[in-house]
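Enquirer: First, the structure itself, so that you have it in front of you.
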Amino acid sequence: MTLSSTPTLTEARPGASRTGIAAARAARRRAVLHWVAVHSLAIAAALFFLLPFVFVFLTSVMDDQQALTTDYWPTSWNWGNYGKVWDTPGFLTWWRNTLVYAGAGTLLTVVSSLPVAYALAKFRFRGRNLALMAVIAMMMLPPQVTVIPMYLFWAKQMGLGGSLWPLIIPMAFGDAFSIFLLRQFLMTIPKEYVEAARIDGCGDLRTLLRVVLPMAKPAIAAVALFQFFYCWNDYFGPQIYASNNHQAWTLSYGLESFKAAHHTNWNLTMAATLLVMAPVIVLFFFAQKAFIEGVTLTGVKG
């Protein structure tokens, strides 16, 4: 009687195990290549937007002699540049002014624009379409057209030159873009909710605060972020009204102080730029979900 030469299960197991491991590795490799192929365009776009920030960061930690040369990697990491920027005379004052300008401007814009948008979206009155056309026309009006009469009124007639009040006070009367954006979102709210609130005895103001306002939070968040970013980065307005008063400068305008007539400290300028951008970037990352949702939903219904 002869024994069979067929390998037993114990003898065949190591080879099968190696084959399974190789197959798993090949599957993972294919999955990685598939992910790269699918997301290659997104990766390229991300690098396109990320590289300028990397350049600004690397320049901010260079010394003054190396900044903006062909040597893009710092020979020495000068973290003290951020301390020098922070200790610049007036820098904390510019921070305070910018926070006041952006915070007060955002609050006034939202509070004043929401009732107007609610009226244009839910009320039926004579001249409503004409009012909406006027809002759209104001959106298309360049600010440079009104800068001279506005400056003559606020600086000459009201005596508010050298301050940020000529930029903050007009926001209490609404903003055309914010009104239009909120109106587009409020049009998506079913009118049955508003009618049910009125049947229950709610007036227009109470309906707005108790029914419409909670449902419009995404749009309000989008409008608030748009306005905050605009005020935070505004350079034109502070240059017109506050350029002659250092105590009223904002961060965007204060960056000019790092440029001298014959020499510019680009490393300090880049460090200051990062300090100015950091709060906005952090705010956007924390609020991006509400921001994107609000922007998306405002385009559902015209």
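Numbering (the numbering used here), first residue to last: 162 to 463. Beta carbons: idealized from backbone N, C-alpha and C, even for Gly. Here the structure is a predicted model, which means the values were calculated and not measured.
1. Which same chain residues, not among the five before or five after R344, have their C-beta less than 6 Å away from its C-beta?
2. Between the C-alpha atoms of R285 and P375, what's the straight-line distance to the nearest angstrom?
3. Please name the residue, chosen from P276, A439, T230, that lies closest to D365 on a Cα-to-Cα basis.
4. My output table needs one value for T220: the three-state DSSP class, helix, strand or coil.
5. Could you tell me the alpha carbon to alpha carbon distance between F447 and F209, rounded to whole angstroms?
6. Determine the contact status of F334 and M300, defining contact as a CB-CB distance below 8 Å.
7. Does M319 pass the burial test, meaning 16 or more other C-beta atoms within 10 Å, or should it be called exposed?
8. So, under 8 Å CB-CB, S324 and N406 are touching, yes? Tell me the CB distance rounded to an integer number of Å.
9. How many Å lie between G463 and K352 at the Cα?
10. Could you please give me the residues that DSSP links to T425 through a beta bridge?
11. Give the straight-line distance between the Cα atoms of A385 and Y262, rounded to the nearest whole angstrom.
12. My output table needs one value for R287: the three-state DSSP class, helix, strand or coil.
13. Who are the Cβ neighbours of W256 in its own chain at under 8 Å, not counting the five residues just before and after it?
14. Is the Cβ-Cβ distance between F429 and F419 less than 8 Å?
15. Between which two residues does the alpha helix (DSSP H) containing S339 stretch?
16. Which residues in the same chain as A409 place their Cβ atom closer than 7 Å to its Cβ, once the five residues preceding and following it in sequence are excluded?
17. Looking at the secondary structure, which residues open and close the alpha helix (DSSP H) in which M311 lies?
18. Sort D248, A380, A203, T249 by Cα distance to V272 and report the nearest one.
19. Note the first and the last residue of the continuous alpha helix (DSSP H) segment covering Y354.
20. Tell me whether the beta-carbon of M311 lies closer than 8 Å to the beta-carbon of G266.
21. Measuring CA to CA, which of L302, V437, E417 is closest to W393?
22. How many angstroms separate the CA atom of I182 from the CA atom of R189?
23. Quick check: what's the CA-CA separation for F216 versus R371?
24. Going by other Cβ atoms of all chains shown within 10 Å of its Cβ, with 16 needed for buried, is Y414 buried or exposed?
25. Are the beta-carbon atoms belonging to A433 and V246 less than 8 Å from one another?
26. Excluding the 5 residues preceding and the 5 following D395 in the sequence, name in chain order all residues of the same chain whose CB lies nearer than 8 Å to its CB.
27. Over what stretch of residues does the alpha helix (DSSP H) that includes K378 continue unbroken?
28. Output the distance between the C-alpha atoms of L260 and A185, rounded to the nearest integer angstrom.
29. Pull up the CB-CB distance for A451 and A382, whole angstroms please, since I reckon it's below 8 Å.
30. Relative to the alpha-carbon of P303, which residue among W315, K317, F338, T270 has its alpha-carbon at the smallest distance?
Expert: For this structure:
1. Within the sequence shown, the letter at position 183 stands for residue 344. Correct list, in chain order: A278, L281, A282.
2. Position 124 of the sequence shown holds residue 285. Position 214 of the sequence shown holds residue 375. Linking R285 to P375 through their CA atoms gives a straight-line distance of about 22 Å.
3. Looking up residue 365 in the sequence shown gives position 204. Looking at P276, A439, T230, the one whose alpha-carbon comes closest to that of D365 is P276.
4. In the sequence shown, counting from the first residue as 1, residue 220 sits at position 59. In the structure shown, T220 sits in a helix (DSSP, three-state: H, G or I).
5. Locating residue 447 in the sequence shown gives position 286, where the first residue counts as 1. Locating residue 209 in the sequence shown gives position 48, where the first residue counts as 1. Roughly 23 Å separates the two Cα atoms.
6. Locating residue 334 in the sequence shown gives position 173, counting from the first residue. Locating residue 300 in the sequence shown gives position 139, counting from the first residue. When the beta-carbon positions are compared, F334 and M300 stay at least 8 Å from each other.
7. In the sequence shown, counting from the first residue as 1, residue 319 sits at position 158. With a 10 Å radius around the Cβ and a threshold of 16 neighbouring Cβ atoms, M319 comes out exposed.
8. Counted from its first residue, the sequence shown places residue 324 at position 163. Counted from its first residue, the sequence shown places residue 406 at position 245. For S324 against N406, the beta-carbon gap comes to about 7 Å, under 8 Å, which counts as contact.
9. As a working note, residue 463 is residue 302 in the sequence shown. As a working note, residue 352 is residue 191 in the sequence shown. Bear in mind that the predicted position of G463 carries a pLDDT of just 39, short of 50, making it unreliable; the figure below should be weighed with that in mind. Rounded to the nearest angstrom, the two C-alpha atoms are 15 Å apart.
10. Position 264 of the sequence shown, counted from the start, is the residue given in the question as residue 425. In DSSP, T425 forms a bridge with K420.
11. The residue given as residue 385 occupies position 224 in the sequence shown. The residue given as residue 262 occupies position 101 in the sequence shown. When rounded, the distance between both Cα atoms is 13 Å.
12. Start at 1 with the first residue of the sequence shown, and residue 287 comes out as number 126. The three-state reading of DSSP puts R287 in coil, since its state is none of H, G, I, E or B.
13. Here residue 256 is taken as the residue at index 95 of the sequence shown, counted from 1. Hits under 8 Å: L412.
14. Counting from one through the sequence shown, the residue named residue 429 turns up at place 268. Counting from one through the sequence shown, the residue named residue 419 turns up at place 258. A small correction: the amino acid at residue 429 is Leu; Phe does not occupy that position in the sequence shown. Yes, these two residues count as a Cβ contact at 8 Å.
15. Taking the sequence shown and counting its residues from 1, one reaches residue 339 at position 178. Start and end: 337-347.
16. Locating residue 409 in the sequence shown gives position 248, counting from the first residue. So the list reads N258, G323, S324, L325, A403, once near-sequence residues are dropped.
17. Counting from 1 along the sequence shown, the entry for residue 311 is found at position 150. Looking at the DSSP string, the run of the alpha helix (DSSP H) that includes M311 is 304-312.
18. Against the sequence shown, residue 272 aligns to sequence position 111. Relative to V272, the option among D248, A380, A203, T249 whose CA is nearest is A380.
19. Counting from 1 along the sequence shown, the entry for residue 354 is found at position 193. In the DSSP assignment, Y354 falls within the alpha helix (DSSP H) that extends over 352-360.
20. As a first step, residue 311 must be located in the sequence shown, where it is residue number 150. As a first step, residue 266 must be located in the sequence shown, where it is residue number 105. Going by C-beta atoms, M311 is not nearer than 8 Å to G266.
21. By one-based count along the sequence shown, residue 393 stands at place 232. When each option's Cα is compared against that of W393, the closest is V437.
22. Numbered from 1 along the sequence shown, position 21 holds the residue referred to as residue 182. Numbered from 1 along the sequence shown, position 28 holds the residue referred to as residue 189. One C-alpha to the other measures close to 11 Å.
23. Position 55 of the sequence shown, counted from the start, is the residue given in the question as residue 216. Position 210 of the sequence shown, counted from the start, is the residue given in the question as residue 371. For F216 and R371, the distance between alpha carbons rounds to 48 Å.
24. Sequence index remark: in the sequence shown, residue 414 carries index 253 (1-based). By the neighbour-count criterion, in which 16 or more other beta carbons inside 10 Å mark a residue as buried, Y414 falls on the buried side.
25. One-based indexing of the sequence shown puts residue 433 at position 272. One-based indexing of the sequence shown puts residue 246 at position 85. Contact flag set, yes.
26. Mapped onto the sequence shown, residue 395 falls at position 234. Cβ within range, chain order: Y262, L328, T411, S413.
27. Here residue 378 is taken as the residue at index 217 of the sequence shown, counted from 1. Unbroken alpha helix (DSSP H) run through K378: 378-394.
28. Within the sequence shown, residue 260 is the residue found at index 99, counting from 1. Within the sequence shown, residue 185 is the residue found at index 24, counting from 1. The straight-line gap from Cα to Cα measures roughly 55 Å.
29. Walking along the sequence shown from the start, residue 451 turns up at place 290. Walking along the sequence shown from the start, residue 382 turns up at place 221. Their Cβ separation, rounded to whole angstroms, is 4 Å, which keeps A451 and A382 in contact under 8 Å.
30. Counted from its first residue, the sequence shown places residue 303 at position 142. From the listed residues W315, K317, F338, T270, the smallest Cα separation to P303 is found for F338.
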